[in-house]
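S.K.: My questions will all concern the structure given below.
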Amino acid sequence: MGSAARGPAGKDRNRPAAPSRGSRFRAIFPGMEIYDHPTWRMACQQFDLVAERLDIPDCDRDRMKYPKRSMTVAIPVHTDDGCTRVFTGHRVQHHLALGPTKGGLRYHPEVALGEVAALAMWMSWKCALAGLPYGGAKGGVACDPRTLSATELERLTRRYTQEMIPFIGPQVDIMAPDMGTNEQVMAWMMDTYSVHMGYSVPSIVTGKPVRIGGSLGRREATGRGVAYLVNRASDTIGLSHENATACIQGYGNVGSVAALSLARHGVKIIAVSDVSGGVFNARGLDLWKLNAHVAEKKTVLGFPEGDSLTNEQLLETPCDILVPAALERQITAANAGRIRCRILAEAANGPVTPEADAILAERLEIFLIPDVLCNAGGVIVSYFEWVQDLQSFFWSEAEVTDKLFRILEQAFVQMMALVKKQKISTRLAALSLGIQRVHEARKLRGLFP
Ligand code: NAD
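Following this note's numbering, the numbering of the sequence shown begins with 10 at its first residue and continues without gaps.
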């Protein structure tokens, strides 16, 4: 970011002349158009709002917003039918002020650099909010893992890791699972990196199988964290879990664990969905039977003990707790007025657009748990896994979960204190805490040289 020409007043000469608030919010730093994407614009809009509130000087804002590094690589893979296919992979490291960067790796057909950059930025605020010694990062490969065989997926993962070796390391950048990736993918990454180094390096990734250095409780961490925070939100608004209902969009790792954890707290799960559609049962879905169905059919669709519904219908189904646990930008200006819940728990990253946020801000009956807090359980236990790997000293699951809840509790309390003190939304409060901490770290470290 440092190479841009600066005017005499410290302002950027190349920056579009945009003193008005609206136009400055939309400005993209010259040369950084590569990041332009709806999700990137959304993350920038959120950042600009908070930067304005925190009065972060203009000259610090671009440095905080734009990624430190981004890599895009071509990944040639031998397919099982004897051909070669080339996939595109990205890794974005947002900032390095607080330690190595940390963030998931996503396999999804619509992965794009700007989306990955937005997710990396959110990871930065999330890690800072939880007090973790990391900057944010994210990776992604544009592919549909459901259409690849296990051997193709392994070749793709190993080649992506190989291409990223100059940019990653246990003290540089540590990956973890995200949408479309899992423990097995992390195991292949760890093996590829370890073969390159000549010795085992478990701390290069988190979210790997427990048998090769993973942490107990990591797979469940994000979903468990979501349920913990839903409980705290329920206490705050006086919602009893007896007869409470929940709808969950995205019945993957996070969504399914969140469902099970909420059910354990007495919540009735009435609707769940995946990329193919959803299933609804007003009496509550039997999660054991549903999980057996998903294990066999790889989708919730066709579950016999319920009626089918679309993802759009699920979001508008009346319930107490709505958990979007799939993709970004699911709740927009078009449907924000029609969602009917008491708690909106953002298990996914960026499921609510800023336009929808403005509508929800008027709907005081809805308590929003913002993504940077709601799904932070994943990176918190990833941090525990990294620490355990570095020390080769492993903790019990109870210890992991106890420490996880302590950190979430502290972040929730700090967020609520700011909400009350400044009379702002939960999202603004959570983002403000994260962004402020990164800004302070940057100020303390200064600018080299
Ligand atoms: P996953 O791949 O295990 O599950 C994703 C689920 O979403 C699947 O059921 C998939 O079918 C469904 N889905 C995909 N596209 C959809 C669409 N267009 N409409 C509805 N459903 C769709 O992924 P995950 O790890 O559970 O991640 C889910 C979300 O949680 C993502 O936004 C991810 O960034 C976020 N997250 C995950 C973690 C983690 O630890 N895995 C941590 C923090 C945040």
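Backbone N, C-alpha and C define an ideal beta-carbon position, used for all residues, glycine too.
Under three-state DSSP, which class holds G387?
M.R.: Locating residue 387 in the sequence shown gives position 378, where the first residue counts as 1. It is helical.
S.K.: Given 7 Å as the limit, tell me if Q55 has its C-beta closer than that to any heavy atom belonging to the ligand NAD.
M.R.: To locate residue 55, count along the sequence shown from 1; it is residue 46. Flag unset: Cβ of Q55 not near the ligand NAD.
S.K.: Run the proximity test for S270: is its beta-carbon closer than 7 Å to any non-hydrogen atom belonging to the ligand NAD?
M.R.: Indexing the sequence shown from 1 puts residue 270 at position 261. Not under cutoff, so the answer is no.
S.K.: Is the segment 391 to 410 touching the segment 259 to 273 in the sense that three or more CB pairs, one from each, lie closer than 8 Å?
M.R.: Output reads no: the segment 391 to 410 does not touch the segment 259 to 273.
S.K.: So, is Y208 buried or exposed, given that buried needs 16 or more other C-beta atoms within 10 angstroms?
M.R.: On the sequence shown, position 199 is the one that residue 208 refers to. Counting Cβ neighbours within 10 Å, Y208 comes out exposed, since fewer than 16 surround it.
S.K.: From I444 to A137, what distance separates their C-alpha atoms?
M.R.: Looking up residue 444 in the sequence shown gives position 435. Looking up residue 137 in the sequence shown gives position 128. Straight-line Cα distance between these residues: approximately 7 Å.
S.K.: So the beta strand (DSSP E) P85 belongs to, where does it begin and stop?
M.R.: Your numbering for residue 85 matches position 76 in the sequence shown. Segment R78 to H87, the beta strand (DSSP E) holding P85.
S.K.: Taking the runs of the alpha helix (DSSP H) that are 4 residues or longer, which of them lie wholly in the segment 179 to 213?
M.R.: Correct list: 192 to 206.
S.K.: Compute every distance between the C-beta of S282 and the non-hydrogen atoms of the ligand NAD, then say whether any falls below 7 Å.
M.R.: Translated into positions along the sequence shown, residue 282 becomes position 273. Correct: S282 has its Cβ closer than 7 Å to the ligand NAD.
S.K.: For R33 and Y75, I'd like the C-alpha separation in whole angstroms.
M.R.: Stepping through the sequence shown from its first residue, residue 33 is reached at position 24. Stepping through the sequence shown from its first residue, residue 75 is reached at position 66. Confidence in R33 is poor, its pLDDT being 47 and thus under 50, which makes the residue's placement unreliable; the coordinate value appears in the next sentence. If I take the Cα positions, the gap works out to 15 Å.
S.K.: Measuring CA to CA, which of L157, A367, D316 and Q54 is closest to I340?
M.R.: Here residue 340 is taken as the residue at index 331 of the sequence shown, counted from 1. Looking at the Cα atoms, A367 is the closest of the given residues.
S.K.: Going by the DSSP bridge assignment, what does T93 pair with across the sheet?
M.R.: Within the sequence shown, residue 93 is the residue found at index 84, counting from 1. Partner(s): H87.
S.K.: So, is P458 buried or exposed, given that buried needs 16 or more other C-beta atoms within 10 angstroms?
M.R.: For the purposes of this step, residue 458 is taken as the residue at position 449 of the sequence shown. That one is exposed.
S.K.: For the beta strand (DSSP E) that contains H117, what are its first and last residues?
M.R.: Within the sequence shown, residue 117 is the residue found at index 108, counting from 1. Segment T110 to H117, the beta strand (DSSP E) holding H117.
S.K.: Exposed or buried, which one is D89 when buried takes at least 16 other CB atoms within 10 Å?
M.R.: By 1-based counting over the sequence shown, the position of residue 89 is 80. Per the 10 Å Cβ criterion, exposed.
S.K.: With burial defined as no fewer than 16 other Cβ atoms inside 10 Å of the residue's Cβ, what is the status of D398: buried or exposed?
M.R.: By one-based count along the sequence shown, residue 398 stands at place 389. Label assigned to D398: buried.
S.K.: Can you give me the Cβ contacts of P142 inside the same chain, cut-off strictly under 7 Å, excluding the 5 residues immediately before and after it?
M.R.: By one-based count along the sequence shown, residue 142 stands at place 133. Result list for P142: L107 and G108, in chain order.
S.K.: What does the Cβ neighbour count give for Q55, buried or exposed, with the cut at 16 atoms within 10 Å?
M.R.: In the sequence shown, residue 55 corresponds to position 46, counting from 1. So Q55 ends up on the buried side.
S.K.: Note down the Cα distance separating I352 from I375, rounded to an integer number of angstroms.
M.R.: Translated into positions along the sequence shown, residue 352 becomes position 343. Translated into positions along the sequence shown, residue 375 becomes position 366. Straight-line Cα distance between these residues: approximately 6 Å.
S.K.: Could you tell me whether the Cβ atoms of V239 and I330 are closer together than 8 Å?
M.R.: Stepping through the sequence shown from its first residue, residue 239 is reached at position 230. Stepping through the sequence shown from its first residue, residue 330 is reached at position 321. Yes, Cβ-Cβ distance for V239 and I330 is below 8 Å.
S.K.: Take the Cβ of V447 as the centre, count every other Cβ of all protein chains shown within 10 Å, and call the residue buried at 16 or more, exposed below.
M.R.: Residue mapping note: residue 447 aligns to position 438 of the sequence shown, counting from 1. The residue in question, V447, is buried, as its Cβ has 16 or more Cβ neighbours within 10 Å.
S.K.: Is T481 near the ligand NAD, judged by its Cβ being under 7 Å from some heavy atom?
M.R.: Lying outside 10 to 458, the shown extent of the chain, residue 481 is not represented and no answer is given.
S.K.: Quick check on the burial criterion: 16 or more other C-beta atoms within 10 angstroms. Buried or exposed for N252?
M.R.: Position 243 of the sequence shown, counting from 1, holds the residue named residue 252. Result: exposed.
S.K.: What do you reckon, are the CB atoms on N384 and V235 nearer than 8 Å?
M.R.: For the purposes of this step, residue 384 is taken as residue 375 along the sequence shown, with counting starting at 1. For the purposes of this step, residue 235 is taken as residue 226 along the sequence shown, with counting starting at 1. Yes, they are a contact pair.
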